Amino acid sequence: MEWKPAAFQVPATLSENIYQALKKALIEGQIKPGQRLQEKEIAALFNTSSTPVREAFFRLAAEKYLVINARKEVLVQDTTLEQVRELYEIVRTLDLLAARRSLPTLTDRDVREIREMTETLGRFHDADDHRSYLEQNLRIHDRIWRCCGRPDASR
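Letter by letter, the sequence shown follows residues 751 to 905 in our numbering.
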C-alpha cells in the first residue's frame, strides 16, 4: 500500500485519528476509488489492533466513503457524477432552509463574519485551491447552521 498517514493530531480516540487520516487521504485522492483497503495493513500503519480500524471503516462507510460488501471486503466508494449532483441538490436545499432559519437570529457581527468567510472562499476559488475551498465552504456552512436558532451562535 502506497498511502501513509499524515502527522497525528491529538484525537479523542485512536479510532477517531484513523478515521480522520483515512478521510483526508480519501478526499485528497491518495486512496483511489475502487481501491481495496486491508484492515490488517491499516492497523499495522497505526500500530494498533483491528478494532479501531474497523470502527473507522464503519464510520466512513456510513458517510459513503467506503463500501463494505458481503465478503467483508472494504472498497473505496466510486461515486458517479449523478450521485454528486444529487448530493449538491440536497445541500442546496439544506442551505436554503438554514438561511431562512438563521435570518431572524443573525447579528451584524454574524453577517460580517460570513461575508469575510465568503470573500476568503472566493480567493481560494480564484487560486484553484480545491482543498482550502472545500474546508472554507464547510466552515461557512457550519457557521450558518449554528445561527439557526441557537442562542450562542455568535460566540
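Ideal placement from N, C-alpha and C gives every residue a C-beta, glycine not left out.
None of these values were measured; they are calculated from a predicted model.
>> So residue 852 and residue 894 are supposed to be a Cβ contact under 8 angstroms. How far apart are they, rounded?
In response: Looking up residue 852 in the sequence shown gives position 102. Looking up residue 894 in the sequence shown gives position 144. That belief holds up - the Cβ atoms of residue 852 and residue 894 are roughly 6 angstroms apart, short of 8 angstroms.
> Where are the alpha helix (DSSP H) runs, 4 residues long or more, that stay fully inside the segment 756-827, in chain order?
Replying inline: Under the rule that a run must span 4 or more residues, the alpha helix (DSSP H) segments found entirely inside the segment 756-827 read 764-777, 789-795, 800-812.
> Under 8 angstroms, do residue 810 and residue 769 count as touching if we go by C-beta distance?
Replying inline: Within the sequence shown, numbered from 1, the residue matching residue 810 stands at position 60. Within the sequence shown, numbered from 1, the residue matching residue 769 stands at position 19. Taking 8 angstroms as the Cβ cut-off, residue 810 and residue 769 qualify as a contacting pair.
> In this structure, does DSSP put residue 849 in helix, strand or coil?
Replying inline: Sequence index remark: in the sequence shown, residue 849 carries index 99 (1-based). Helix, per DSSP.
>> Is it buried or exposed, residue 788, if we count other Cβ atoms within 10 angstroms and call 16 or more buried?
In response: Here residue 788 refers to the residue found at position 38 of the sequence shown. So residue 788 ends up on the exposed side.
>> Please report the distance separating the alpha-carbon of residue 800 from that of residue 765.
In response: Position 50 of the sequence shown, counting from 1, holds the residue named residue 800. Position 15 of the sequence shown, counting from 1, holds the residue named residue 765. Cα to Cα, residue 800 sits roughly 10 angstroms from residue 765.
> From residue 904 to residue 854, what does the alpha carbon distance come to, in whole angstroms?
Replying inline: Along the sequence shown, one-based indexing puts residue 904 at 154. Along the sequence shown, one-based indexing puts residue 854 at 104. No answer about residue 904 holds up, because its pLDDT of 47 lies below 50 and its placement is not dependable.
> Which value, in whole angstroms, describes the spacing of the CA atoms of residue 802 and residue 857?
Replying inline: As a first step, residue 802 must be located in the sequence shown, where it is residue number 52. As a first step, residue 857 must be located in the sequence shown, where it is residue number 107. About 42 angstroms.
> By DSSP, does residue 868 sit in helix, in strand, or in coil?
Replying inline: As a position in the sequence shown, residue 868 is number 118, starting the count at 1. Residue 868: helix per DSSP, three-state reduction.
> Can you tell which of 807, 786, 794, 846 has its C-alpha closest to the C-alpha of residue 773?
Replying inline: What you label residue 773 is simply residue 23 of the sequence shown in a count that begins at 1. Taking only the C-alpha atoms, the option nearest residue 773 is 807.
> Three-state secondary structure (DSSP) at residue 905?
Replying inline: Taking the first residue of the sequence shown as position 1, residue 905 is located at position 155. Bear in mind that a pLDDT of 44 at residue 905, under 50, signals an unreliable position, so the model cannot answer this.
> residue 892 lies in the alpha helix (DSSP H); which residues open and close that run?
Replying inline: To locate residue 892, count along the sequence shown from 1; it is residue 142. 880-896 is the span of the alpha helix (DSSP H), which, as asked, contains residue 892.
>> If distances are taken between C-alpha atoms only, which option among 820, 821, 827 comes closest to residue 814?
In response: The count along the sequence shown starts at 1 and reaches residue 814 at position 64. Comparing Cα positions, the closest option is 827.
> Quick one: Cα of residue 796 to Cα of residue 878, how far?
Replying inline: To locate residue 796, count along the sequence shown from 1; it is residue 46. To locate residue 878, count along the sequence shown from 1; it is residue 128. Looking at the two C-alpha atoms, the distance is approximately 33 angstroms.
> Do you know offhand how far residue 885's Cα is from residue 778's?
Replying inline: The residue you call residue 885 lines up with position 135 of the sequence shown. The residue you call residue 778 lines up with position 28 of the sequence shown. Residue 778 has its alpha-carbon roughly 12 angstroms from the corresponding atom of residue 885.
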